Amino acid sequence: MSEKLINKGIRPDGRKLDEIRPLKIKAGVVDRADGSAYVEFGTTKVISAVYGPKKVHPRHMENSKKAILKVRYNMIPFSVYDRKRPGYDKRSVEIAKVVSEALENVIFLEEFPKSAIDIDMEIIQADAGTRVAAITAASVALADAGIPMRGLISSVAAGRVEGNIVLDLTKEEEDASDAIDLPVAMLARTGEITLLQMDGDASVDEIEKIVRMTEKGCKDIEKIQGKALIEKYNANTA
Amino acid sequence: MSEKLINKGIRPDGRKLDEIRPLKIKAGVVDRADGSAYVEFGTTKVISAVYGPKKVHPRHMENSKKAILKVRYNMIPFSVYDRKRPGYDKRSVEIAKVVSEALENVIFLEEFPKSAIDIDMEIIQADAGTRVAAITAASVALADAGIPMRGLISSVAAGRVEGNIVLDLTKEEEDASDAIDLPVAMLARTGEITLLQMDGDASVDEIEKIVRMTEKGCKDIEKIQGKALIEKYNANTA
Amino acid sequence: MSEKLINKGIRPDGRKLDEIRPLKIKAGVVDRADGSAYVEFGTTKVISAVYGPKKVHPRHMENSKKAILKVRYNMIPFSVYDRKRPGYDKRSVEIAKVVSEALENVIFLEEFPKSAIDIDMEIIQADAGTRVAAITAASVALADAGIPMRGLISSVAAGRVEGNIVLDLTKEEEDASDAIDLPVAMLARTGEITLLQMDGDASVDEIEKIVRMTEKGCKDIEKIQGKALIEKYNANTA
Amino acid sequence: MTAKLTKDYIVNQIKRNIRGDDRKLDEMRELTIERGVSANAEGSARVKLGKTEVIAGIKMDLAEPYPDSQDKGVLTSSAEFLPLAAPEFEAGRPGEVEVELGRVVDRGIREAEVIDFKKLCIVEGEKVWRVFMDIVVINHDGNLMDASGLAAMAAILDAKMPTIDKDYKIDYNKREKPLPLTTIALPITVMKCGNKLIIDTTADEEEAIDTRLTVTTNESGNISSMQKGGPGGFTVEEIVEICKIAGKKTDELIKKHFKSKKN
Amino acid sequence: MTAKLTKDYIVNQIKRNIRGDDRKLDEMRELTIERGVSANAEGSARVKLGKTEVIAGIKMDLAEPYPDSQDKGVLTSSAEFLPLAAPEFEAGRPGEVEVELGRVVDRGIREAEVIDFKKLCIVEGEKVWRVFMDIVVINHDGNLMDASGLAAMAAILDAKMPTIDKDYKIDYNKREKPLPLTTIALPITVMKCGNKLIIDTTADEEEAIDTRLTVTTNESGNISSMQKGGPGGFTVEEIVEICKIAGKKTDELIKKHFKSKKN
Amino acid sequence: MTAKLTKDYIVNQIKRNIRGDDRKLDEMRELTIERGVSANAEGSARVKLGKTEVIAGIKMDLAEPYPDSQDKGVLTSSAEFLPLAAPEFEAGRPGEVEVELGRVVDRGIREAEVIDFKKLCIVEGEKVWRVFMDIVVINHDGNLMDASGLAAMAAILDAKMPTIDKDYKIDYNKREKPLPLTTIALPITVMKCGNKLIIDTTADEEEAIDTRLTVTTNESGNISSMQKGGPGGFTVEEIVEICKIAGKKTDELIKKHFKSKKN
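Chains as they are written, first to last, in the working numbering: chain X, 42 to 279; chain C, 42 to 279; chain R, 42 to 279; chain B, 282 to 544; chain G, 282 to 544; chain Y, 282 to 544.
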């Protein structure tokens, strides 16, 4: 019944408290896109693709000083147990907004006035952490598209499970009665946090520890993102 | 059970047959609007605000000879017992149409070619007479915005309850088995009727009496509208 | 119970296997349209009207080389037993698409660059064969509008009922357990097939026989279409 | 410019009691009513009023009653301008003119209790007949209100109710009883041009003049619904006059086109 | 150009700890809370924070519980910018700013378990109370998040639950018990301007600076919800600092405006 | 202009039996089918046909049967072009190409009775399994019809049905039996270019030629569904020829990629 999930610092899937789930990234997976990436974060699977910089349509949306960013986050119908009906839902609107804001200052949008950059993130299989997997994929897709950025954005959640501060929760861990989930996106190079959300019930102290743990996670992720981009580059020039 | 609502010409709330419910009007309640008004008509509460004359968007809607009028009537979700879902509903579309037509010839639209005047009427608490309260508010908001008009539009319903011709029905009275409700909007200065609807079952004679009674009501209302505008003016210049 | 529908080559409504249902066509039934037609195909009733060539709105849809074709297929709410809710449905979208493609190469669209031709097909009573009745009507409406075409498009379904290859199935016949329904539209003058759909389970041999039977049907229909146009012309010049 | 001239011309002619088609100001165009135009509907009717043409159809199914009238059937009306009817009509969500048309026809029937809704109750509070009244406009040459009201009334008189079995399954192939009626009611729309009142306006006339009052009157001469439209205004005297015109015209129409009544 | 100048001016002033209305960086505008603004709602409240004005209202009905919490009531929140509130607001499907506002207020209430949702269960797995929290923005002069959170909390405290009879019919005229509460929670939004942190920003200030963190804190000082917004970023130290500011401000607000608590 | 030249060039080459990628006119591109791409789906498959890539997924729940087939499960199919798949794809209500794609795949499965829908009935007239077939396009390099049909068929073969308890509650974590099948059916699309017939066209080829016939054939060689598309026309002889090509190709594909069959 109420057996503990975490014993002696080891989690149900064998990970340590500050360890991320297995992360696979492949850049350049959508032929027609300017940049793209496929990410498997544990059992969560995401594809992201970038189109642009390109013309703005309709034209009255143009900004004469910088490119506009159009972000879509979407779960395909069979990515979840209870089929997701296609179309508008508020959760997706909110996630697209915070992701867009997480990326906006990182991309040198001023270099492309009157242009648009479109980012699409599609969740193929949704377990825990779809939004952090999606941002991680989008960041690689942007780099793959050659869009100039101040650095790679990496993203992971940390939180609390049975009193432990843990990195990158699974669905099972998210269901613990005292669970907190705090997803973060970070310009890993500088430690600047550009996305942060949190649900639960925590003291300021705990929040601090959790956020610090995402720093470690994002640095780990950034390395894997970089490797994926190098692999793609090598494959292209091979 | 079937006790009478109206006894010896006195109505359940103590009013006489030709008396309107207590009416409070305050002009200038929405800071960012060009003109606005709050109206409490009995327990019905409405806010209306006016923006314009302003540019037309999208531009192909422009009329080169006069301003176009865009009217919205909306009940906020908790204004009624059964929560009103936000969004399109046919009743609101119809009311916006008849209100727009009630105001169109009263405003000197020709003075503002290629412009738009937007009127929003929001029902905060809906008991009886939301549309007449809304027009009464919109009219004050238009004057508050300094939009030139041929006069103030005042609005009230009259009808029949237990055989009596009565002014400004309450919800309770509207539920009488023989009830008729006939809302009217009037350029009170001239007696010209610019909105008229009616539901029920009445003879032509009764219709005549009911319409005549709205004339009295509108004149009473016009005075209170005027006073609200003077109060606002005095407050501004104080 | 399982009595046969077709006995000795005679069908429930007395028709022979290769005979179409009674077909009435009247051209010029909608006063304000550029061309129009009313069709009764058995008990299926359709009105179609054509507007154009006319300006394209919105203008960015314009094609500088030819007219664009906008086709609507719609069942009015009381055309079927289970009321059809007004608005978007996928079946109508699909039918409009295949009808548009059936007509596109037949009309000399290149003669009207930067123009639009709108075709509306409204099903008044839906029994079997609404789409073939609709195309048959649209074709007459186009001719009535004076739109130049390579010939009249005629349309009919054929299929299999109890092993028989039959022309122009009724609803009753469509419900036979082995029924196949194969609607076709044809430039009857040349035999060119510009619409073809099919549902069921048939051998290639059967498909061939069924398609050949639609050839006969379309030729019969073309004659009645031609007659309707001549009647309209005569009435106009009488 | 030409449009403006045409409008002025029409207005001036009306002021001199002259209409484009030689009708009197209070004269309706030729009216034909054809019932039973769509066999899959419980009832239907096509109305031609001059060149204006509308079809009304009734479908019925079972539904829950409204919370405030647990023992009554339900009426749901809509009107649609088919895109084929006029170059300016477009497919899509009904515009305000369609919404108003549907709602005025609906209230005319509902408020006059043309249909005896109590007789459409099957199990109080649980199951009642729902009547869908759908109006489609086939050709628009003015006065859609009256044409639609006539079509709706004719469709009601044409309707036969489907039957239900013990499990409340509907058999649309077995339609037996007519809809239970209490009266007949029709809308008449009167427009104002200067100090003239004019009925059954054409599309051209409606381009030139636009202030109207629609009055629905029943068999006993009572008014069940009114709706003013258009930018102008009316005096009380004009309203009373219009009610009288509507009553007279409705009476003529009922006598000529709707013999049968209650049942 | 002028807009740019104005923005730069505001930013420079804030960096010198100066605000347009002479407030300190961590000072809120005048706050008034008026309860019971719509009698048809189970609870409602109007909040004025400077010139910003929002109304929150609660309606309740019965619904099925969510599959993953069969013994709990349901909360559904939405926020709407009424077109009358600002020239840039338009009617239509809620935009992303409205969606975010509604969802942040919703999570603040839900995650802090402000309402004791278990007490809103009537028949486990079948029938629970559903609480609709609707927020409408009447005047937008910045800091809509905090104004909305305050209005929502005040509406919850204002609410009286309707009663139900044996057949689960709701009587909205007979409202008796208050909503069962466990705590009070309020959002505080802190914006960043250079290395300055500033609260309760006006619309003008929000034009000039745009990176924010909203932190919802409850009575015991714990944080139940956070949401970063805007294009910029924060350091860990800034986040901790903001949490502390939010805790302090929430505590002050609860003491001043929300005396009563659990029940 | 260049676009026109390219199109003319492609057409001329095809007329000389030459394709850009050196394939024969009746040769398919390399096909890979990967099953089980989304573990939350009952069944799923990714198909790569050259550079074209689609994923099909199956979700199941319980629903009422259709009125005209009380003893059969329900199939609901849809297709969506994900915006990431091509610069011209946009989010929003499915366009006519997506609608047609979803419906043609749906009819191919339904009419061939690939799934034994009778075995998906739980309580006749009340409760049946509903199968959602969703197709998403990941990369569009032509011939989406055939790629989607292949993915749908592979997803069906991949699917394991969730289990239900006595109260008809679904347990998605316990998936046991495969979907009951009666046959395998696949669509083959043949396009026409002058008097040449060509299969498995790329996006470039589809820019140049646009008249097509899609034919769905089952294991026994029978045709269950046909759909002509594009502005041109076919002769009867061409239609027969295309049916034969489709039958032959389907047979090859089944043998190579779909060994297992009925169960």
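Quick reminder that beta carbons are idealized off the backbone N, C-alpha and C, glycines included. These numbers come from a predicted model, not from an experiment.
- Within 8 Å of the CB of residue 503(G), the CB atoms of chain X belong to 242, 243, 244, in sequence order along the chain.
- Around the beta carbon of residue 404(Y), fewer than 16 other beta carbons lie within 10 angstroms, which makes this residue exposed.
- Classified as buried, residue 389(Y) has 16 or more neighbouring CB atoms from the shown chains inside 10 Å of its CB.
- The CB of residue 420(G) comes closer than 8 Å to the CB of 71, 72, 73 in chain C, given here in chain order.
- With a beta-carbon spacing of about 6 Å, residue 244(C) and residue 503(B) fall inside the 8 Å limit used to define contacts.
- Residues of chain G whose Cβ lies closer than 8 Å to the Cβ of residue 237(X) are, in chain order, 494, 507, 508, 509, 515, 520.
- By the C-beta criterion, the segment 393–412 of chain G is judged to be in contact with the segment 456–464 of chain G, since at least 3 inter-stretch pairs fall below 8 Å.
- Taking C-beta atoms under 8 Å as the contact rule, residue 470(B) and residue 426(B) qualify, at a distance of about 5 Å.
- Secondary structure at residue 319(B): coil, using DSSP grouped into helix, strand and coil.
- Annotated as distal: residue 109(C) and residue 266(C), with beta-carbon spacing of 8 Å or more.
- Within the segment 207–251 of chain R, the complete alpha helix (DSSP H) segments of 4 residues or longer fall at 212–215, listed in chain order.
- Around residue 459(Y), no beta-carbon contact reaches into chain X at under 7 Å, the shortest distance being about 17 Å.
- Residue state for residue 413(G) is assigned as strand, using DSSP reduced to three classes.
- Within the segment 118–152 of chain R, the residues whose Cβ lies closer than 9 Å to some Cβ of chain Y are 123, 129, 131, 132, 134, 135, 137, 138, 139, 141, 142, 143, 144, 145, 146, 147, listed in chain order.
- Annotation: residue 45(C) is outside any beta strand (DSSP E) and is labelled neither H nor E by DSSP.
- Pairing residue 85(X) with residue 220(X) gives a Cβ-Cβ distance that is not under 8 Å.
- Along the segment 93–122 of chain R, the positions whose C-beta sits under 8 Å from a C-beta of chain B are 95, 113, 115, 117, 118, 119, 120, 121, 122, read in chain order.
- Near chain R, meaning a CB-to-CB distance below 9 Å, no residue of the segment 459–479 of chain Y qualifies.
- Using a Cβ-Cβ cut-off of 8 Å, residue 174(C) does not count as an interface residue toward chain G, since no Cβ of chain G sits closer than that to its own.
- In the structure shown, residue 294(B) falls within a helical segment according to DSSP collapsed to helix, strand and coil.
- Contact annotation for residue 339(G) against chain C: 119 [CB-CB distance below 9 Å, chain order].
- The beta carbon of residue 500(G) does not come within 8 Å of any beta carbon belonging to chain X, so the residue lies off that interface.
- Under DSSP, residue 166(X) forms a beta bridge with 86(X).
- DSSP places residue 180(R) inside the alpha helix (DSSP H), whose first and last residues are 171–185.
- Take the alpha-carbon of residue 46(X) and the one of residue 206(X): they are about 13 Å apart.
- Separation of the CB atoms of residue 194(R) and residue 235(R) is rounded to 7 Å, and the pair is thereby assigned contact status at 8 Å.
- DSSP, reduced to helix, strand and coil, places residue 193(R) outside both helices and strands of the structure shown, so it counts as coil.
- Annotation: residue 274(C) to residue 414(B) spans about 51 Å, alpha carbon to alpha carbon.
- With 16 or more neighbouring CB atoms inside 10 Å of its own CB, residue 331(B) falls in the buried class.
- Among the bridge pairs identified by DSSP, residue 508(B) is matched with 238(C), 495(B).
- Taking 8 Å as the cut-off, the Cβ atoms of residue 178(X) and residue 87(X) count as close.
- For residue 364(G), same chain residues with a beta-carbon under 7 Å away, outside a window of 5 residues either side, are 370, 371, 372 in chain order.
- When DSSP states are grouped into helix, strand and coil, residue 306(G) belongs to the coil group.
- For residue 259(R), no pairing in a beta bridge is given by DSSP.
- Residue contact with chain B for residue 253(C): present (Cβ-Cβ distance below 8 Å to some residue of chain B).
- The three-state reading of DSSP puts residue 325(Y) in strand, counting E and B together.
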